[in-house]
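Below is one structure, written out as structure tokens, with a few remarks after it.
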Amino acid sequence: MYREEEEKVRYVGSDIYSTGVVRFVFGMLLVFSAARWQRTYDDLKSLLLQERFLSDDRLNSYLIEKLGPKELERSRITFLRLCQSASNCGIVPPFIYYESRQMVAPKFRTAACVIYKNVSTILTAIMCYLYDAVTYKKHVTDMIQDTYNKRFCKYKNEYESIRALTSFRNSSSVDSMDWFNILVVRDPLERFISAFVNKCLKIRVNFTLVVMEINISHFI
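Note that numbering that gives the first Met the number 0 has the sequence shown beginning at 0, numbered continuously upward.
Next up, the structure:
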């Protein structure tokens, strides 16, 4: 009787021990598997970021200093969620055809390369005025309202390539003065904020710098 009970206790103890070993081994496998998949995830995330950004240790150090590690990591995760392929969010490669708008005022021998969000609206209006001042004043009462979609000189003095201006320059006589070329540049961050507010924010409100920082901090 005692021997049977002793064997039962020994069997139960052995079963508990084997169950504990199995659980321990299974738990260790889960830990190692999770660590391995975490490394794989980190490697893939790193590759995706490198595919879309130029590697720059100085830039990374600057971002960590300004944003902090947690905020920078959250910004990167947001980027990966929004930019699922390099074709959507990749850096524009150099020396490719990109939309260009050249405007001329032959009477004043002036040409302007208009870059969007670089005083483009007012520069377009000024070049249109110089192109034909009399007609422009008859039809346009407010130069500020002469916006891109309803601009008065649409297709009149506009060209898509600077090569198209060659014919104007070659038609000049020897005694004519040189052409005056205009190109307006802008701080990249200011230009980005201007484009973001114009294209991404649909609700028209009175923005302050603080509000804009909250809305686009992850993008900057």
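Just so it is clear, CB atoms sit at the ideal spot from N, CA and C, and this is done for glycine as well. Being a predicted model, the structure only gives us computed values, none of them experimental.
Check, Outcome
"Check L53 in the structure and name its three-state DSSP category.", "In this prediction, L53 has a pLDDT of 48, which is less than 50 and means its spatial position is unreliable; nothing more can be read from the coordinates."
"Measure how close the beta-carbons of Y130 and K155 come, nearest whole angstrom, since I'm counting them as under 8 Å.", "7 Å"
"Using CA atoms only, rank isn't needed, just tell me which of F167, A124 and D186 is closest to P105.", "F167"
"Looking only at its chain, what residues have a beta carbon closer than 6 Å to the beta carbon of V139, apart from the 5 residues adjacent to it on each side?", "D145 and F151"
"Give me whichever residues DSSP pairs with R100 in a beta bridge.", "V113"
"State the Cα-Cα distance for the pair F107 and A163, rounded to the nearest angstrom.", "17 Å"
"By how many angstroms is the C-alpha of E159 removed from the C-alpha of I114?", "12 Å"
"Which of helix, strand or coil does DSSP assign to Y158?", "strand"
"Identify the residues that DSSP records as bridge partners of I192: which are they?", "Paired residues: none, contrary to the question."
"Which class does F107 belong to by DSSP, given the choice of helix, strand or coil?", "helix"
"Among the candidates W178, K198 and I143, whose CA atom is the shortest distance from the CA of Y128?", "I143"
"Quick check on the burial criterion: 16 or more other C-beta atoms within 10 angstroms. Buried or exposed for L81?", "exposed"
"Indicate the three-state DSSP secondary structure (helix, strand or coil) for F179 in the structure shown.", "strand"
"Per DSSP, what kind of secondary structure is F78 in: helix, strand or coil?", "helix"
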